[in-house]
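Participant:
Numbering (mature numbering (1 follows the signal peptide of the UniProt record, and there is no 0)), first residue to last: -22 to -1, 1 to 579.
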């Protein structure tokens, strides 16, 4: 009932967008024919770039988003409701993968945000900048020192305002204020409500500090350890790219138009120019049978559709492997087999135990009266369980270099460096999973393990020349021995953590048949049957190495082989972040905006 009421309100708001906002449009006939910059996709990358470029009143900027407005959707704005923001909602791209050979032929759903703010409007809001090693590796890869931690750190300070948690508790010892911003558009905060798992988590850490060290602030450049979770939450509501960079004071700029519910279908090129083909604009429509519109870009087209969306659009526009494009009837503009290659994502496993409690989030999932009471309290006070995302803490760890599985995979260790994590733990006071509860309802606790430095590489390829047919997505999870070995090691480590004496009396044992998986072969079967994406896909349009070789964009994110076209989103990173990508995409987009400004100064 609650969800249907909110959806009705949202639809009413959508109908009145032009009256309420002016520059937020749904009618393609209301936009201009020519802009200086056309930005495709209002996720993190597109929202930041559109905001920063429109700071120059002399530049006209158009931001086109296929999805809906984020305003008025409490399922989106209330942090606790993040798990029900996908899949198969009106604000999600409902992709699926091909059957996964490493996962016993399972087909995976793959969700992206189809809404202002993109996936920052539906994700779990976890804010991890990455280690200094991660950014310094990018600087070394590109030969551009401005991509290193020392410079990128300044962008993190610029984009952030660290915000008091909803309950106003004393945060001393929970983060390092000296490494956070105080005047940026994006709110970042600590947990704003007490979580009954926190004492058990941190007591376990103290009991075994040499194994799981405490870290005051994983966003300091050295991320290793167990500490309090930082999330993009502003008091009691989600902070997204839409709320931060497309807030009313920005979206009302006379030189910024934001067009929603229109999907870009192709990048247009002028091939009758000296030198490389030049991007001149895009075509777009609201659906496969709708009228197709064209808009021109005088300076640049900027793709910010994410690792799937931008890759799909490059391929549809003729940038990709020419032989593969020919097979589906797409004419080649520039032959580059790298487009859609090198796909990396974090494999995720959620492990479960039975909890001796009656007050976990399972209560809110199973008991409509308890949920209604929590919503009423949230609406009245802005406090309570609903102000937080799923976990109060985050552990970012490495395995010792002498670990058996590392010794048996020489040269495969893929983390950025000694300050970068290889696996992550998150704790949820209830059943937390992208898979359904396999048995009777009850009260559970979850330890989610995420492999942060996988060696498997997947692909995105065209399935059709039609922009309305999703591309073929292969995440290639657990297709290398290293990935299976490190996943198994992380699962064993999760069991070790949960068997600590701190959990005595609360942890009643592994849930359902999880305890039956004991031998390595049994654990491998469990992993192959239960791994899901962490939805952190990257590197499908990676930056070129300065040492030569293939890539899709240069160090300033210009698409190689053409002119007037850039990609600004998670797809351009040459490596996957050892953490959650949200923060890194904000910093990337801030850096890209400065590159673009410098080009046209």
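Every residue, glycine too, gets a C-beta built ideally from N, C-alpha and C.
(1) Considering only their Cβ atoms, is the gap separating residue 422 from residue 333 smaller than 8 Å?
(2) Find out if the Cβ-Cβ distance for the pair residue 18, residue 291 is shorter than 8 Å.
(3) How far does the alpha helix (DSSP H) with residue 522 in it reach, from first residue to last?
(4) Quick check: what's the CA-CA separation for residue 451 versus residue 437?
(5) My output table needs one value for residue 316: the three-state DSSP class, helix, strand or coil.
(6) If you drop the 5 nearest sequence neighbours on each side, which residues of the same chain put their C-beta closer than 7 Å to that of residue 448?
(7) Residue ranges of each alpha helix (DSSP H) run of no fewer than 4 residues wholly in the segment 92 to 156, ordered along the chain?
(8) Where in the segment 225 to 261 do unbroken runs of the alpha helix (DSSP H), each at least 4 residues long, occur, reported from the N-terminal end onward?
(9) Go through its chain and collect everything with a Cβ distance to residue 116's Cβ below 8 Å, but skip five positions before and after it.
(10) Measure the C-alpha to C-alpha separation of residue 575 and residue 101 and round it to an integer number of angstroms.
(11) Could you tell me how far apart the beta carbons of residue 519 and residue 122 are, in whole angstroms, since I believe they sit closer than 8 Å?
(12) Which residue wins for smallest C-alpha separation from residue 152, given the options 372, 487, 1, 565?
(13) Assign residue 498 to one of two classes, buried (16 or more other C-beta atoms within 10 Å of its C-beta) or exposed (fewer than that).
(14) Between residue 35 and residue 572, what straight-line distance do the alpha-carbon atoms span, to the nearest angstrom?
(15) Within its chain, find whatever has a CB closer than 8 Å to the CB of residue 65; leave out the 5 residues flanking it on each side and keep chain order.
(16) Cβ of residue 13 within 8 Å of Cβ of residue 242?
(17) Curious, which full-length beta strand (DSSP E) runs of at least 3 residues does the segment 155 to 218 contain?
(18) Just to confirm, are residue 165 and residue 217 a CB contact at a threshold of 8 Å?
(19) From residue 144 to residue 517, what does the alpha carbon distance come to, in whole angstroms?
(20) Residue range of the beta strand (DSSP E) that residue 275 falls in?
(21) Can you tell which of 209, 46, 488 has the C-alpha that lies nearest to the C-alpha of residue 4?
(22) Measuring CA to CA, which of 331, 170, 358, 178 is closest to residue 583?
(23) Measure the alpha-carbon distance for residue 471 versus residue 405 and round it to whole angstroms.
(24) Does DSSP put residue 348 in a helix, in a strand, or in coil?
(25) Three-state secondary structure (DSSP) at residue 452?
(26) Give the straight-line distance between the Cα atoms of residue 444 and residue 240, rounded to the nearest whole angstrom.
(27) With burial defined as no fewer than 16 other Cβ atoms inside 10 Å of the residue's Cβ, what is the status of residue 227: buried or exposed?
(28) So if DSSP puts residue 372 in a beta bridge, which residue, or which two residues, is it bridged to?
(29) In or out: residue 311 buried (at least 16 other Cβ within 10 Å) or exposed?
(30) Going straight from the alpha carbon of residue 400 to that of residue 375, what length do you get?
(31) Pick out whichever of 185, 342, 393 has its Cα sitting closest to the Cα of residue 477.
(32) Within the continuous beta strand (DSSP E) that includes residue 72, where are the two ends?
(33) By a C-beta neighbour count over all protein chains shown, 10 Å radius and 16 as the cutoff for buried, is residue 250 buried or exposed?
(34) Given a cut-off of 8 Å, decide if residue 42 and residue 262 are closer than it, judged by their beta-carbon atoms.
(35) Once DSSP output is grouped into helix, strand and coil, what is the label at residue 221?
(36) Let me check understanding here. Comparing Cα to Cα, which of 196, 439, 466, 458 lies closest to residue 304?
Facilitator: Let me lay it out:
(1) yes
(2) yes
(3) No alpha helix (DSSP H) holds residue 522; DSSP gives it neither H nor E.
(4) 6 Å
(5) coil
(6) 73, 441
(7) 110 to 120, 127 to 137
(8) 226 to 229
(9) 125, 126, 521, 551, 552, 553
(10) 30 Å
(11) No, residue 519 and residue 122 are not in contact; Cβ-Cβ is about 17 Å, not under 8 Å.
(12) 372
(13) exposed
(14) 16 Å
(15) 72, 87, 89
(16) no
(17) 164 to 166, 203 to 206
(18) yes
(19) 36 Å
(20) 271 to 281
(21) 46
(22) Residue 583 is absent from the model: the chain starts at -22 and stops at 579.
(23) 14 Å
(24) helix
(25) strand
(26) 15 Å
(27) exposed
(28) 205, 404
(29) buried
(30) 6 Å
(31) 185
(32) 70 to 74
(33) exposed
(34) yes
(35) helix
(36) 439
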